[in-house]
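The numbering used here puts the sequence shown at residues 11 to 261. Quick notes on the structure that follows.
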Amino acid sequence: ACANELVRYGVYVYETRTDDTYISLEDRTNLANNNNVDLFVSIHMNCFNTESPNGSEVYIHSANSSAKKYADNVLSELERCGFTKRGVYVAKNYLGYNLAVLSNTNAPALLIECLFISNKNDLASYNPKSLAEAIVKGLVGSKATSTSSSSQNNFVKQLQQTLNKTRNANLVVDGIAGPLTLGACPLLACGSMGTIVSLLQSRLNSIGFSSGNVDGMFGQNTKKAVMNFQKSKNLLVDGIVGKNTWRALTN
């Protein structure tokens with residue numbers, strides 16, 4: 011829910027998973043680091059062996075982390091949903107140990123504990139949609155404008171940046187999918203790997219064509235998502251991402 015809402019605000023999202031498959035802590039941070047994300051956000055529900063603890067808390071890696079402003083904002087928005095504001099904590103200072111997703115991520119990172127599932131009052135206040143909206147508002151700010159065109163423009167910029175980095179395309183990063191950008195896009199099919207595949211998977215997921223986990227591996231799930239997308243655009247349904255499919259993905 012958070013990812014879909016963020017996309018509406020023009021944020022490009024890499025999801026560590028889109029189902030209940032377990033992803034190792036190392037794979038989560040590798041996904042963030044390999045794609046040079048601007049911010050890593052880990053969302054959780056808390057639990058304790060008694061019912062008394064309640065409310066929301068957010069962890070960051072260090073007191074001077076630029077993630078702190080996001081943590082403060084998210085916590086304030088969760089408080090507006092009816093959850094007690096427990097605080098923003100430096101993980102090692104509060105817990106006595108580092109959290110891998112915070113310490114091993116190159117980008118600023120925060121871990122959100124939304125509520126205690128062991129507390130009946132927290133559970134009574136739980137509303138998935140409101141919770142997602144609160145987190146997103148805390149991340150993007152109350153003045154952000156929701157727009158699908160902004161999301162498209164952001165995707166094209168990400169594509170151009172990736173092509174420049176991985177294929178030395180020397181493209182102007184302007185968010186416009188012109189002939190030079192489309193001409194630099196590689197042919198992708200089963201067996202393709204790398205950051206460009208991660209970008210493809212994230213794009214498909216964000217527009218409603220689930221490719222599963224964003225892992226940079228073009229497998230059967232990605233092929234199926236591509237084929238469903240091609241069918242929806244009246245393209246040749248072959249599961250191969252060529253120029254016509256890239257053009258449709260950027261429009």
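Beta carbons are placed, not taken as given, at the ideal position from N, Cα and C, and that holds for glycine. Computed from a predicted model, the values in this text were never measured in an experiment.
Validate contact between the stretch 175-192 and the stretch 209-225 using beta carbons, cut 8 Å, 3 pairs: As far as the Cβ criterion goes, the stretch 175-192 does not touch the stretch 209-225, which means the pair count is below three.
Per DSSP, cross-strand counterpart(s) of F50: DSSP lists A119 as partners of F50.
Cβ neighbours of G97 in the same chain (closer than 7 Å, five flanking residues each side left out): Apart from sequence neighbours up to five positions away, the residues of its chain that approach G97 with a beta-carbon distance below 7 Å are E67, ordered along the chain.
Status (buried if at least 16 other CB within 10 Å, exposed otherwise) for H54: Note on H54: under 16 other CB atoms within 10 angstroms of its CB, so exposed under the neighbour-count rule.
Neighbour-count burial assignment, S34, 16 or more Cβ in a 10 Å radius: So S34 ends up on the exposed side.
At least three beta-carbon pairs within less than 8 Å, the stretch 81-93 to the stretch 127-145: Cβ pair count under 8 Å is three or more, so yes.
Under the three-state DSSP convention, the category I70 falls into: If DSSP states are grouped into helix, strand and coil, I70 belongs with the strands.
Buried or exposed by the 16-neighbour rule on C-beta atoms within 10 Å, applied to Y31: One detail in the question is off: residue 31 reads as Thr in this sequence, not Tyr. By the Cβ neighbour-count rule, T31 is exposed, with fewer than 16 other Cβ atoms within 10 Å of its own.
Sub-8 Å separation of A110 and T39 beta-carbons: With a cutoff of 8 Å on beta-carbon distance, A110 and T39 are scored as near each other.
With 16 other Cβ atoms within 10 Å as the buried cut-off, status of C195: Looking at its Cβ environment, which holds 16 or more other Cβ atoms inside 10 Å, C195 is buried.
Unbroken alpha helix (DSSP H) run spanning K90, endpoints: Here the sequence assigns Arg to residue 90, which means Lys is not the residue at that position. Element bounds for R90: K78 to R90.
Cα-Cα separation between G229 and I250, rounded to whole angstroms: Answer to the nearest angstrom: the Cα atoms are 11 Å apart.
Residues near Y80 in its chain [Cβ-Cβ closer than 7 Å; skip 5 each side]: When the five nearest sequence neighbours on each side are left out, the beta carbons in the same chain lying within less than 7 Å of the beta carbon of Y80 are those of L49, L120, G148 and L149, in order along the chain.
Residue range of the unbroken alpha helix (DSSP H) whose run includes R38: Residues L35 to N44.
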